[in-house]
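Residue numbers (the working numbering), protein chains in the order written: chain A, 143 to 1054; chain B, 6 to 333; chain C, 105 to 283.
All residues carry an ideal CB built from backbone N, CA and C; glycine is no exception.
Everything on this sheet refers to the single structure shown next.
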């Protein structure tokens, strides 16, 4: 700790910080541009100038840049000094010299850091009479819009994009007052984290293009604390709604998970909740082909009547639905009839991962904690594709060597440029074993491109090399053995090694291999970590809830042992082959589907009930680190579209259960369902502590979902009825659907729908909500961890698969996760569809040559269950004998299957 | 035929006369509602109601139609019998008072020796209208208004009576015809100027006219004692107020301005002119003066007006004694 | 109280006299609608959306009017034309809520929204007081005859490329390091 004196007042601050961090942590308003909590200081913008005094006698003082000055003990400084103020106002005036006078047509307006800082310094009149420098803009893809004239050359964009996120295709060009930030030529920004530029850029150079079409100022959006549903990492988001549509997603600060950044799938993949074809009213498909639109009571009556006639009702849950929904379904059909809705292979992996989280001896680090590991082994995961935000954290862990080297030379960690120059290419070791190239290869010490079995064998070998008690791998070739020993040595040399595995390749052996490495490290007493990647948002949670795999449910229906099925927010066709699902659904006399998307499964439903997506409903999800988190409804759909009958899945199921027993539908709030779920499933007992409870208040107030400037309240729906209805009431949460309620930053709270503080409209306002800049939310970070390792380490697994050997005429199929288009719901969003690379089939060069196929030729890949034709992409890194297709192309094709390849007719020429 | 006996003819004539006066007074009060609004408009540089009929002449008809067809609502929490009774008292007591006013040497309903005392009696009863109306409404504003009205009326009636004792002493009679006759030479406004002043103030106060409209005080009490009244019940209170205005004007004319006395014109014309002028004065008071605070009203009544009337009475008595020839 | 009785009485009588003399003054009110009312040009009445001197919509859907509105009676949505212009794809004013304070006009950076000297907007149905964009948009520039936002702002639109706005140099060539 250090004591500094600011304008005559003494404060205790962290001596490791610089003065800017210290001042912002203290809640003092000091303008800045180039500094960012996650990117450190470079002293480029000269905006945070303060007066520093040598000692008590010094009355003259010196102007210093607060971001480049350590908060040493005894520092005396003044923010209010006239000279410092004049200097800061002057800097803003220079920065604004070329600014294009287009705030009214700038998508950043209203949450612009440059606007905030301009107001803060008091600059309000342009004195520069000469002509402005202008630039041309670039097309940067479907996510990011570019407007270079607004640039103030703070360099934050390239520092984030290149130094932090590892992108290569955005750079600074030119010199002097001709600095240009863009690509060397127009084109899609390649990084999976390009969306963060919209928040990193302090002004409107990079803005959210997906938001542009239905643009709404930040002050007009209604926010709720959201949890990203697009993968299992559990990033916190702030979805903003206007006119009954989600208009944009912003990062919501979570001190342990996503902190300042999101991946582009999470940020831009929201559009599926706005689809025009979403089911909004219950639909009944009887004899006629056209569905009959029903009201709630009629739908419940028909549903209950159908279920009453059924001999046995099967419930199929979903890893993309909330715990409450799954629990309520389990409650409706009984545990003996409940399926998780996850295919058997994936569920097997999930179960193994859960067991490993308990008995592998290593804890699962949070994303923030991942960054403090100093050696990483990734087995069978392309993190940028399967859990992108985790990949970004791993990148920081690997780059963490810089900070370690700097610390040895007494260079403060925030001095970004010095730290980078010192470290050059020195990195912590990262080993990746994956069938093909991954997004982290550029910083990996070694990338091993292997078939899944060989990756597993490598993992088992590493475990054996670390701990001889672990089973040895038979028939290991010398090269693999050497690689394993090298990896083992690196992990053992590390203070905190991290093992990352997961179910992306659907290989149980791979999961167990990661487990063995973790156990081996645990026995060697390393403070390591084990992160196991799950595919879907609530996969971890549903597995903890328990239930049979999807195949079992379809079998029961097939056999006629059950004649009714209730499917919750699950498109079965995404998981199992079409014929299999068709057969089972045809066998059922009653199919009830609850979903927020018009999926093929919905089209097969006799009764379809429109469920709420994350935008309209509340619920609890469990992320891959075992963190149970609550997401909150952003808006009430009936307010803007009175004819809609969308309700959260759990409420539909509760009502259906009551109708089944001919009871009146009870008034049950979400908290009661959560409590019931926790009581019934001991593994989930912790989720009751996730929520503040619907009765929580701040100073007696509910919490506001809308900023206090929210406009148009008396005109928004005046076209429907000039008499305004009462704002929708929310009995399930402590939030209101209005600006009435607490929205400030003084009172600590965990659930913050949006960050705003007086004078701070941009995302930089999060600094007002944290205990220190880049620290934790002052009210505590949301969520409760459910998975913790047991004291005793379990035994090593010795089910080591045989090595993979390529066959002459058949291939082994691997389905590779992909960030854009590889996930069910987000790939229904238009921007993601526009961004997704066209699906290709990948083969090793040698295999392609053998098939006499060239890049771009259409090939047909066929397995025992299905086939699909895709253009060929020759992949130099892929091992021989494998054929790789991206996820989300054909559900029936699963990793590990045998496949045959034939030339397919061109897409244009249909078969005769 | 017994029907044509002179007594019967006289009775019939008297009844016709009474009826004519009754209708005349009520009509005059009704017309005053419109006249007042036009006058207020005039003094406030506005036009006043001028949309119904030529120059707004049919405004009264429109108002009558409106008020007669309004829903006559009795709140469920009201004390029904008293609630209905109050406006009846309000209107009846004031109308009855008009009995004693002699319009011309020949016109007038009753010619009683107790004349003036009857007016005091009726004015006393009128308090009940306000009190009962306010109380039976079951509304706090109504009750507050009624209490203010009661306090105010009681206070001002004390010196209202006393202020007229000078006139009575000068005329030597309570009979209004004799009082008029006694002003043949000189109107009592001259010898009884102080009496006139205090009676004018008391008269305005007793009829709850501006600036003494404490019981109604829209801004504070949201219409005071008749807040819960609607339809024709409200109309009776409303018209009652204007009848009170006409009554007090007529009384002042009779007591201080020589009633029907005057040259050239017929007696009724003089009476009507003088009454009309005073009615205009009433409206002018409303147009010009702000409403004082309730405690100021009370303290003005007790600490200024009452002593003034007492002084007036003493001086008048002394003067009469001084001027009257010694009897022995 | 007694000492002030005479002057107070005089004051009241004087008041009566002064008020009475108003009977002979000119009427301040006019017999609307028989006589037309004079409205000064800056009268704050019915709100309109104006066009720039080229006849294009001035409103750029920046939402500043909506956020300035103290009764929240303005709601609009941004649209983007082919040429890059921002425009309101819908613009709604609920005149049953409007208090004609003029803050929207003050907030407007493009002189698009203006209050006009017209108050004759009564309707029998409140719903008819909800004005949509087609009810608000007029064909002229209103009170501000010259202002043309896109000629000033740096955003490129059809017919006005980068560097062609007021006080702008032609776009820089990034590939040269020459000054």
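Look at residue 1005 of chain A here: in three-state DSSP terms it is coil, with no helix or strand label. At a cut-off of 8 Å between beta-carbon atoms, residue 259 of chain C makes contact with chain A. C-alpha of residue 126 of chain C to C-alpha of residue 243 of chain B: approximately 27 Å in a straight line. DSSP links residue 48 of chain B through a beta bridge to no other residue.
The beta-carbon of residue 300 of chain B is placed no less than 8 Å from the nearest beta-carbon of chain C. Around the beta carbon of residue 871 of chain A, fewer than 16 other beta carbons sit within 10 angstroms, so the residue counts as exposed.
About 7 Å separates the CB atoms of residue 167 of chain B and residue 315 of chain B; that is less than 8 Å, so the two are in contact. Residues of the stretch 855-880 of chain A whose Cβ lies closer than 7 Å to any Cβ of chain C, in chain order: 855, 856, 857, 858, 860, 861, 864.
Under the criterion of beta carbons closer than 8 Å, residue 836 of chain A and residue 813 of chain A qualify as touching, at roughly 5 Å. Note: residue 288 of chain A is bridge-paired with A:348 in the DSSP secondary-structure output. Residue-level contact check: residue 781 of chain A does not touch chain C, since none of the beta carbons of chain C fall below 8 Å from its beta carbon. When 7 Å is used as the limit between beta carbons, residue 200 of chain C is near these residues of chain A: 864, in chain order. Within the same chain, Cβ atoms closer than 6 Å to the Cβ of residue 460 of chain A are found at 483, 710, 711, 712, the five residues on either side in sequence being excluded. Residue contact with chain C for residue 48 of chain B: present (Cβ-Cβ distance below 8 Å to some residue of chain C). Fewer than three pairs of CB atoms, one per stretch, sit closer than 8 Å, so the stretch 881-897 of chain A makes no contact with the stretch 185-205 of chain C.
For residue 589 of chain A, there is no enclosing alpha helix (DSSP H); the residue is found in the beta strand (DSSP E) stretching over 588-591.
Any Cβ of chain B closer than 8 Å to the Cβ of residue 133 of chain C would place that residue at the interface, and such an atom is present.
For residue 416 of chain A, no Cβ of chain C is located within less than 8 Å of the residue's own Cβ. Within the stretch 132-161 of chain C, contact with chain B at the beta-carbon level (separation under 9 Å) is assigned to 132, 133, 134, 135. The beta carbons of residue 254 of chain A and residue 345 of chain A sit about 6 Å from each other, so the pair counts as a contact at 8 Å. Sixteen is the threshold: when 16 or more other Cβ atoms of the shown chains lie within 10 Å of the Cβ of residue 692 of chain A, as they do, the residue is buried. Using a Cβ-Cβ cut-off of 8 Å, residue 192 of chain C does not count as an interface residue toward chain A, since no Cβ of chain A sits closer than that to its own. Checking the DSSP bridge columns, you'll see residue 274 of chain A partnered with C:272. Exposed is the label assigned to residue 806 of chain A, since fewer than 16 other Cβ atoms lie within 10 Å of its Cβ.
The Cβ of residue 107 of chain C sits no closer than 8 Å to any Cβ of chain B. In the structure shown, residue 391 of chain A falls within a strand segment according to DSSP collapsed to helix, strand and coil. When the Cα atoms are used, residue 337 of chain A and residue 522 of chain A turn out to be separated by approximately 26 Å.
If you look at residue 1042 of chain A, you'll find it in the beta strand (DSSP E) that goes 1040-1045. Using beta-carbon distances, residue 278 of chain B does not count as an interface residue toward chain C, since no partner is under 8 Å. The Cβ atoms of residue 87 of chain B and residue 137 of chain B lie closer than 8 Å to each other. Closest in C-alpha terms to residue 578 of chain A, from the list A:960, A:997, A:147, A:165, comes A:960. The Cβ atoms of residue 1008 of chain A and residue 1025 of chain A lie no closer than 8 Å to each other. Here DSSP, grouped into helix, strand and coil, assigns residue 329 of chain A to coil. The criterion of a C-beta distance shorter than 8 Å is satisfied by residue 582 of chain A and residue 536 of chain A. By DSSP's assignment, residue 218 of chain C forms a beta bridge with C:152.
Distance from the CA of residue 599 of chain A to the CA of residue 945 of chain A, rounded to the nearest whole angstrom, comes to 7 Å.
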